[in-house]
Amino acid sequence: MNDIFTTLIAERWAYLLTVVMIIIGLHAMMMKRNLVKKLIGMNIFQGAIILLFIVHAYKFGASVPVHDAVLGDHPEAYMNPIPHGLMLTAIVVSVATTGVALALLTLIYRRFGTIDEIELLQKLREEP
Amino acid sequence: MRWVPQLTILVTFVVLVYAGFGLPEFGDVEAPANTHVSDHYIEHAYHDDHTPNIVTVMIADYRSYDTLGETVVVFTAGLACLLLLMRGTRREDEA
Amino acid sequence: MIRRQENVILDVITRIMVPFIQIFAFYVIFHGHYSPGGGFQGGALLAGSVFLQRVVMGRERSLSGFHVKLGVPFGVIGILVYGGTGLVAQVFGGNYLQYEWLPFGLDPVWARNTGILLVEIGVAFAVMGILISIYDNLSAREGEGEKR
Numbered sequence: 114m115n116d117i118f119t120t121l122i123a124e125r126w127a128y129l130l131t132v133v134m135i136i137i138g139l140h141a142m143m144m145k146r147n148l149v150k151k152l153i154g155m156n157i158f159q160g161a162i163i164l165l166f167i168v169h170a171y172k173f174g175a176s177v178p179v180h181d182a183v184l185g186d187h188p189e190a191y192m193n194p195i196p197h198g199l200m201l202t203a204i205v206v207s208v209a210t211t212g213v214a215l216a217l218l219t220l221i222y223r224r225f226g227t228i229d230e231i232e233l234l235q236k237l238r239e240e241p
Numbered sequence: 004m005r006w007v008p009q010l011t012i013l014v015t016f017v018v019l020v021y022a023g024f025g026l027p028e029f030g031d032v033e034a035p036a037n038t039h040v041s042d043h044y045i046e047h048a049y050h051d052d053h054t055p056n057i058v059t060v061m062i063a064d065y066r067s068y069d070t071l072g073e074t075v076v077v078f079t080a081g082l083a084c085l086l087l088l089m090r091g092t093r094r095e096d097e098a
Numbered sequence: 060m061i062r063r064q065e066n067v068i069l070d071v072i073t074r075i076m077v078p079f080i081q082i083f084a085f086y087v088i089f090h091g092h093y094s095p096g097g098g099f100q101g102g103a104l105l106a107g108s109v110f111l112q113r114v115v116m117g118r119e120r121s122l123s124g125f126h127v128k129l130g131v132p133f134g135v136i137g138i139l140v141y142g143g144t145g146l147v148a149q150v151f152g153g154n155y156l157q158y159e160w161l162p163f164g165l166d167p168v169w170a171r172n173t174g175i176l177l178v179e180i181g182v183a184f185a186v187m188g189i190l191i192s193i194y195d196n197l198s199a200r201e202g203e204g205e206k207r
């Protein structure tokens, strides 16, 4: 039990916090009835995934990945730059999907008059 | 059957925490993700481009093709948004 | 957000702040070489300066700053600058997007530096145009559209 405590919480606490944020986003996407609240849950989920990658790019005693004349070229003095570069793409993709989702929600509201999930399913079942 | 979503979320949480045992320690220098290609980028970035910012060199010089694809993705999303909402207003005019 | 606000204080402060926001956005783009920043962040800041005008002064009065039909052309110009840099490098001898072969008469290391700068400017214009276009499409009323 002490071994589990040391391995999981003392050494990997940053990963556990991102898992908590993933579960919050997943709960909002599955359990809420309003469509806009599901969209906000999707945004929280994407933010948590981006944090997960950035957390794994840290090295102990390392500086930001900007070259310094004082620190030289030693690769143990800088953080891993690859997840930072990949997550720029992920942030931009998140903005793009939020924009398209909001456009779809506007069309749904104009067509059906509601953005509640259960009322929407009832209206879809009634008309052909 | 109303407890199925809650059960799914609980199972997902347990699986993710169990997967955390296999990940490297927070801040590990010898993790496999922090070596091989990443070392090559850090050592050669200033020498190749005379640019201090290693992340900009990586996304604009070593992985420039991916950034081109991503800019096209942003443009496609904006175009999709335009087509969806203009289509809505056009239908109101024709009806 | 669509109706015009009758606030004189917000109006005057917006007119003072918008040029400073745009200058800071260009600083972030051009200093992407030396500090965290670059094309995406500067493009979002440029779009933010136009959003401030749209929110404070309403839609009709802020069209003179940045018209609605300029959003998508800016996006296209950004992508053409990016792809065009790669094609110029390919025409003058190298592979696609190989910046050493750009015909500016510099030694290869400084040619790569200039290539990165051109590419980041293209990305900034693309991101700015598309963000403003998405905002204008989402905040239009029914019955308004581009008169084609």
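Protein chains in written order, with the working numbering: chain A, 114 to 241; chain B, 4 to 98; chain C, 60 to 207. Every residue gets a Cβ at the ideal spot worked out from N, C-alpha and C, and that includes glycine. These numbers come from a predicted model, not from an experiment.
Do the CB positions of residue i and residue j come within less than 9 Å of each other?
i: I45/B; j: D186/A; result: yes
i: G138/A; j: I167/A; result: no
i: D31/B; j: F118/A; result: no
i: M192/A; j: V177/A; result: yes
i: Y93/C; j: N56/B; result: yes
i: F133/C; j: G188/C; result: yes
i: R125/A; j: F29/B; result: yes
i: L197/C; j: G198/A; result: no
i: V140/C; j: L177/C; result: yes
i: A123/A; j: A83/B; result: no
i: H180/A; j: Y49/B; result: yes
i: I193/C; j: A80/B; result: yes
i: V149/A; j: V76/B; result: no
i: A203/A; j: I163/A; result: yes
i: A84/C; j: L105/C; result: yes
i: G98/C; j: V109/C; result: no
i: L26/B; j: H169/A; result: yes
i: D52/B; j: V60/B; result: yes
By the 10 Å Cβ neighbour count, where 16 or more other Cβ atoms means buried, how is residue i classified, buried or exposed?
i: L183/C; result: Note on identity: in this sequence residue 183/C is Ala, with Leu being the wrong assignment. With 16 or more other Cβ atoms within 10 Å, it is buried.
i: E101/B; result: This structure leaves residue 101/B out entirely; chain B is present only between 4 and 98.
i: E179/C; result: buried
i: G130/C; result: buried
i: I195/A; result: buried
i: V67/C; result: exposed
i: R93/B; result: The pLDDT assigned to R93/B is 49, lower than 50, so where the model puts this residue is not dependable; a value taken from the coordinates is nonetheless given after this. Its Cβ having fewer than 16 others within 10 Å, R93/B is exposed.
i: D64/B; result: buried
i: G164/C; result: exposed
i: F24/B; result: exposed
i: D116/A; result: exposed
i: R118/C; result: buried
i: V58/B; result: buried
i: H43/B; result: exposed
i: T54/B; result: buried
i: T11/B; result: exposed
i: V18/B; result: exposed
i: A209/A; result: buried
i: M76/C; result: exposed
i: G226/A; result: exposed
i: V14/B; result: exposed
Can you list, in chain order, the residues of its chain with a C-beta nearer than 7 Å to that of residue i? Leave out the 5 residues immediately preceding and following it.
i: S121/C; result: Q112 and R113
i: A103/C; result: V186 and L190
i: Q157/C; result: A148
i: A161/A; result: T131, M134, I135 and G138
i: V127/C; result: D195
i: L87/B; result: none
i: Y171/A; result: M192
i: P167/C; result: E159
i: G153/C; result: E159 and W160
Given residue i, which residues of its chain have a CB within under 8 Å of its CB, disregarding the five upstream and five downstream residues?
i: L161/C; result: T144, V147, A148, F151, A170, T173 and G174
i: K206/C; result: The predicted position of K206/C is uncertain, since its pLDDT is 46 and thus under 50; a value taken from the coordinates is nonetheless stated next. Excluding positions up to five away in sequence, the list is empty.
i: G91/B; result: With a pLDDT of only 47 at G91/B, under 50, the local geometry of the prediction cannot be trusted, and the value read off the model is given with reservation. Taken in chain order, the list of residues that qualify is empty.
i: M142/A; result: K151, G154, M155 and F158
i: H140/A; result: G154
i: L121/A; result: L129
What residues are listed by DSSP as bridge partners for residue i?
i: N147/A; result: D229/A
i: S67/B; result: Answer by DSSP bridge pairing: none, since S67/B is not bridged.
i: V109/C; result: DSSP, once it has assigned bridges, lists no residue as partnering V109/C.
i: V179/A; result: N56/B
In chain order, what residues of the same chain have a beta carbon less than 6 Å from the beta carbon of residue i, not counting five sequence neighbours either side?
i: Q100/C; result: V87
i: L237/A; result: none
i: G181/C; result: G137, V140 and Y141
i: T219/A; result: none
i: A34/B; result: P27
(request) Starting from the N-terminal side, write out each stretch of the alpha helix (DSSP H) that is 4 residues or longer and does not extend beyond the stretch 185 to 238 of chain A. (result) Entirely contained in the stretch 185 to 238 of chain A, the alpha helix (DSSP H) runs reaching 4 residues are, in chain order, 194 to 225.
(message) Ignoring anything shorter than 4 residues, give me the alpha helix (DSSP H) runs that lie fully in the stretch 73 to 138 of chain C, in order along the chain.
(response) Whole alpha helix (DSSP H) segments, 4+ residues: 98 to 120.
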